[in-house]
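Per full-length UniProt numbering: the sequence shown = residues 1 to 252. Here's the structure, in structure tokens; my notes come after.
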Amino acid sequence: MANFLIKGGTVVDGKLTPAYKADVRVTGDTIAEIGADLAARGADERVVDASGCYVTPGFIEAHTHFDAAMWWDDGLNPLPGYGATTLIMGNCGFSTAPITDNKAANHEVVKIFSFFEDIAEEPFVNQLPWDWRKWSEYKASMTSKVKIPLNYAAYVGHIAIRLAAMGLDAWERTATPLEVERMCELLEDALQAGALGLSTNLLDHDGDDRPVPTQLADDAECQRRSKSRPFGGVKPGHGVTCRGEWREGVAR
């Protein structure tokens, strides 16, 4: 890995202090030194003139939907170009796992991504191997088959969990107790595999102007899932963002 001396830039170090002029030495993958007028250490250190530029930690792109697109755009354009070094996927209740053996329900996942991301269904169908059912299996497949230039983390989507547990009925009704238990199992699998938490969606309508399935979740479903296991995951979503009991009505 190359070594760099970044000279003459204005450093924003993420410590909530004012920006300041300094040089930054990077040795391998480590910031080794920050100081004024640092001298280069020979031919193995590349000097970068950062005059007139800001030198910052990598940005975290907290809201992306690269869950599927990374399979055909492993460069993650345009994120690296504007300084992002970490991306967060699985937002808005959308994720490509879990899925089920019900092909019609799985296609709803594709349709949702296609509509909201304004991308044709073809790459979703043909570029992903779909060799998973649980979120943990999706993660294992993705990490073994896709090499991307950024760090990443992901939520598991409530829409996907609901479709996996209920099939097409997820669009039509509240869940039965057995279906809620299945959702809890799928959520537990994702959390144990490293998902940041559960993302939900209480706002959007799909391409056919239907409320997305998460809007049919009643308070009993929300309470049961939020208590399925003590964990510190964040639960973001359209229409509500809170911790603990994640649905606005439950929080009240």
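Glycine residues also receive a C-beta, built at the ideal position from the N, C-alpha and C atoms.
Residue burial classification, residue 241 (beta-carbon count within 10 angstroms, cutoff 16): In this predicted model, residue 241 has a pLDDT of only 41, less than 50, meaning its place in the structure is not dependable; the value taken from the coordinates is given anyway. Per the 10 Å Cβ criterion, exposed.
With 16 other Cβ atoms within 10 Å as the buried cut-off, status of residue 243: Below a pLDDT of 50, predicted positions are generally treated as unreliable, and residue 243, at 34, falls in that range; the measurement from the model is reported next regardless. Residue environment analysis places residue 243 among the exposed positions, since fewer than 16 neighbouring C-beta atoms fall within 10 angstroms of its C-beta.
Through-space distance from residue 68 to residue 176, alpha-carbon basis: Computed Cα separation, rounded: 30 Å.
Residue burial classification, residue 149 (beta-carbon count within 10 angstroms, cutoff 16): Residue environment for residue 149: exposed (fewer than 16 other C-beta atoms within 10 angstroms of its C-beta).
Whole-angstrom C-beta distance between residue 167 and residue 100, which should lie under 8 Å: The pair is a contact, with the Cβ atoms about 7 Å apart (cut-off 8 Å).
Contact under 8 Å by Cβ, residue 159 with residue 201: Contact flag set, yes.
Whole-number beta carbon distance between residue 88 and residue 64, since they are thought to touch under 8 Å: Rounded, the Cβ-Cβ distance is 6 Å, consistent with contact.
Span separating the alpha-carbon of residue 66 from that of residue 76: Straight through space, the alpha carbons of residue 76 and residue 66 are spaced by roughly 8 Å.
Span separating the alpha-carbon of residue 222 from that of residue 137: If you take the alpha carbons of residue 222 and residue 137, they lie about 25 Å apart.
Nearest residue (CA-CA) to residue 11, options 22, 4, 130, 61: The option with the nearest alpha carbon to residue 11 is 22.
Under the three-state DSSP convention, the category residue 211 falls into: It is a strand residue.
Segment contact flag, the region 3-18 with the region 50-65, C-beta cutoff 8 Å, min 3 pairs: Verdict: yes, contact present.
Among 165, 121, 188, 44, the one whose alpha carbon lies nearest that of residue 3: Residue 3 has its Cα closest to that of 44, out of 165, 121, 188, 44.
Through-space distance from residue 119 to residue 146, alpha-carbon basis: Rounded to the nearest whole angstrom, the CA to CA distance from residue 146 to residue 119 is 20 Å.
Residue 4 (DSSP reduced to helix, strand or coil): Looking at residue 4 - three-state DSSP - the assignment turns out to be strand.
C-beta atoms of residue 182 and residue 216 nearer than 8 Å: Contact: no.
Residues that DSSP places opposite residue 54 in a beta bridge: In the DSSP output, where bridge partners are listed per residue, residue 54 has 10.
Alpha-carbon to alpha-carbon, residue 56 and residue 187: In a straight line, the C-alpha of residue 187 is about 36 Å away from that of residue 56.
Beta-carbon contacts of residue 249 that lie in its chain and below 6 Å, excluding the five residues immediately before and after: With a pLDDT of only 43 at residue 249, under 50, the local geometry of the prediction cannot be trusted, and no value is derived from it.
Residue 55 at chain C interface by Cβ criterion, 8 Å: The structure shown contains no chain C; it holds only a single protein chain.
For residue 88: DSSP bridge partner residues: Under DSSP, residue 88 shares a beta bridge with 153.
CB contact flag (residue 131, residue 144, <8 Å): In this structure, the beta-carbon distance from residue 131 to residue 144 does not fall below 8 Å.
Beta-bridge pairing of residue 35 - partner residues as DSSP gives them: Residue pairing for residue 35: DSSP places it in a beta bridge opposite 23.
Enclosing alpha helix (DSSP H) for residue 125 [first to last residue]: Segment 121-127, the alpha helix (DSSP H) holding residue 125.
Close-in-space but distant-in-sequence residues of the same chain around residue 180 (CB under 6 Å, 5 per side omitted): So the qualifying residues of the chain are 221, 224.
Cβ neighbour criterion (16 or more within 10 Å) applied to residue 94: Buried is the call here.
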